[in-house]
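Its first residue numbered 0, the sequence shown is counted upward by one per residue in numbering that gives the first Met the number 0.
Read through the structure below, which is laid out as structure tokens, and then see the notes.
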Amino acid sequence: MQSCNEKKNATDVVAERLDSLFTARYSIIENGENIPGGSVYILKGDTVIFEKSYGVADLNTGAAIDGNTFFNIASVSKQFTAMAILQLHEEGKLSLEDDMSKYFPEFKADFFKRIKIKHLLSHSSGLPDLRPREDRNFVLTATDKESIEFFKELDHLNFEPGTNYEYQNPTFQLCFAIIEKVSGQTFEQYMKEHIFTPAGMDETVYFEAGREIPRMAHGYITEDNGATWKEYDYGEESFFATKADGGIYTSTHEFAKWEKALRDNVLISDSLKQIAHSPITTVSNSTYSSYQNRPYTSYGYGWFIEQKPGMPKKVYHTGDNGGFQIYAGRFPEKNILVLVFENRNDQSRWSMVEKIDSILKEAGMLG
């Protein structure tokens, strides 16, 4: 009985410390008004360690954020696209060793024969991002297919495929096209039928202009030195309309179903999942990309991997799109999932993540 009480008390202490952390994080701007915030959900297996939401999803309506509020999870979407490719690979419908000339004969440069699907998934293709950012209308409305048109005339690589890391969104838009070509379905049809539905994510959707998403949060940024908030999502943020690299809208409760599907190997075999969650491209000290260029960090197939001394392996992804700031971290060996979905991007993510990890470690949950 005593050990049960001690365990309960330890969990309570963790919850209190986490609540203090997030209460302080979302109360930096104190003016007596509703402000954007976030939804936090931390699980160990199927047990909720901590769940609480802060702030409002929509400044116009004042609707409060909760575990069923839908956020644009931005680049956290990449792991879902990667999963579709891995699924098709395991079914023998494509190979990670297939090169781009097989799927895009219209791409003229010979180097596309050296770029394989595995390079797209691991940000090691060497392809540059040459989308025309000076065209304001294009960047606000461009679809996945429109975003890869420039590859037809591309005449150089930044580095030889497989030799370095450079985080790129258009490589996942190439995956969008490959999934459609191989499956014979639209990207959204495939993802719903083969990824979302088997995972039990029945409400998760991709953004599309004009699509009504119930319980949707709006993203916000600060102006006037933090004194006011400005809505910043579709119509304000570049490349918000693409799907494969960052288009998913989901909630923390829905995402927890994804975690269970991964844990139970619902979508692919455990052996292939372990490959996807293994270091493939070294991120630390890359000379080509600053995104997530952090110590002890690599990229697998759709996930970052952190192997910090004294800590269990972390498999994670972050997302930044307009006013949305998203963190989804997993400690697979400990069956721990940490979700922080925010509709504001005015504060450091990494100081928060490090504090969460410290709280969990000090409680013996990561030991």
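Here a beta-carbon is modelled for each residue, glycine too, at the ideal position from N, C-alpha and C.
Is residue i near residue j, with beta carbons less than 8 Å apart?
i, j, result
"S100", "K117", "no"
"T280", "Y164", "yes"
"I72", "I267", "no"
"S26", "T68", "no"
"A62", "N342", "no"
"F106", "K151", "yes"
"S83", "Y233", "According to the sequence shown, residue 83 is Ala rather than Ser. In this structure, Y233 does not lie closer than 8 Å to A83 by Cβ."
"Q172", "A243", "yes"
"A260", "P197", "yes"
"M310", "T249", "no"
"R185", "F195", "What sits at residue 185 in the sequence shown is Thr, not Arg. Taking 8 Å as the Cβ cut-off, T185 and F195 do not qualify as a contacting pair."
Can you tell me the Cα-Cα spacing of residue i and residue j, whole angstroms?
i, j, result
"Q253", "D109", "The sequence shown places Glu at residue 253, rather than the Gln named in the question. Spanning the two alpha carbons is a distance of roughly 43 Å."
"G363", "D45", "18 Å"
"I274", "A226", "46 Å"
"L42", "E222", "35 Å"
"C3", "P331", "Confidence is the limiting factor: at C3 the pLDDT is only 46, short of 50, which leaves the residue's position unreliable, though a coordinate-based value still follows. For C3 and P331, the distance between alpha carbons rounds to 24 Å."
"M351", "D97", "40 Å"
"H193", "K354", "36 Å"
"H276", "I304", "7 Å"
"L129", "V282", "22 Å"
"Q1", "N8", "Unreliable placement is indicated for Q1, whose pLDDT of 43 sits below 50; no coordinate value is reported for it."
"N264", "K272", "8 Å"
"Q306", "V314", "9 Å"
"L336", "E258", "7 Å"
"L20", "S74", "25 Å"
"D356", "R135", "40 Å"
"S347", "P131", "29 Å"
"R293", "Y287", "13 Å"
"S231", "G321", "It is Tyr, not Ser, that sits at residue 231 in the sequence shown. Their backbone Cα atoms lie some 5 Å apart in a straight line."
"E361", "L338", "19 Å"
"K77", "I64", "24 Å"
What is the residue span of the beta strand (DSSP E) that residue i lies within?
i, result
"D324", "Just to set this straight, residue 324 is Gln in the shown sequence, not Asp. Unbroken beta strand (DSSP E) run through Q324: F323 to F330."
"N284", "Looking at the DSSP string, N284 is not in any beta strand (DSSP E), and its letter there is neither H nor E."
"E202", "First-last for E202: undefined, no H or E at that position."
"F340", "I335 to E341"
"F195", "Neither: F195 is in no beta strand (DSSP E) and is coded neither H nor E."
"E305", "F303 to E305"
For the alpha helix (DSSP H) that contains residue i, what are its first and last residues?
i, result
"L93", "Run containing L93: none; DSSP gives neither H nor E here."
"S270", "D269 to A275"
"Y298", "Careful: Y298 lies outside any alpha helix (DSSP H), inside the beta strand (DSSP E) at T296 to Y298."
"I358", "R348 to E361"
"Y315", "Premise fails: Y315 lies in the beta strand (DSSP E), K313 to N320, not in any alpha helix (DSSP H)."
"E187", "F186 to M190"
Closest to residue i by C-alpha separation, out of the options, would be which residue?
i, options, result
"I114", "G321, S124 and L120", "S124"
"V47", "D201, A240, D356 and T10", "T10"
"K312", "Q172, R329 and N224", "R329"
"E207", "S285, F158, F239 and A83", "F239"
"K51", "F79, S270 and V13", "V13"
"N224", "D345, K77, G66 and F70", "D345"
"Q291", "D269, D319 and P308", "D319"
"S121", "S347, Y300 and P127", "Y300"
"N59", "N33, D201 and I177", "N33"
task = Could you name each continuous beta strand (DSSP E) segment of 3 residues or more that falls completely within the stretch 2 to 84, going from the start of the chain to the end?
result = 37 to 43 and 46 to 53
query = What alpha helix (DSSP H) runs, 4 residues minimum, are completely inside the stretch 209 to 279?
reply = Those alpha helix (DSSP H) runs which fall completely within the stretch 209 to 279 and span 4+ residues are 251 to 262 and 269 to 275.
task = May I have a chain-ordered list of the alpha helix (DSSP H) segments no shorter than 4 residues that lie completely inside the stretch 98 to 168?
result = 99 to 102, 116 to 120, 135 to 140 and 143 to 146
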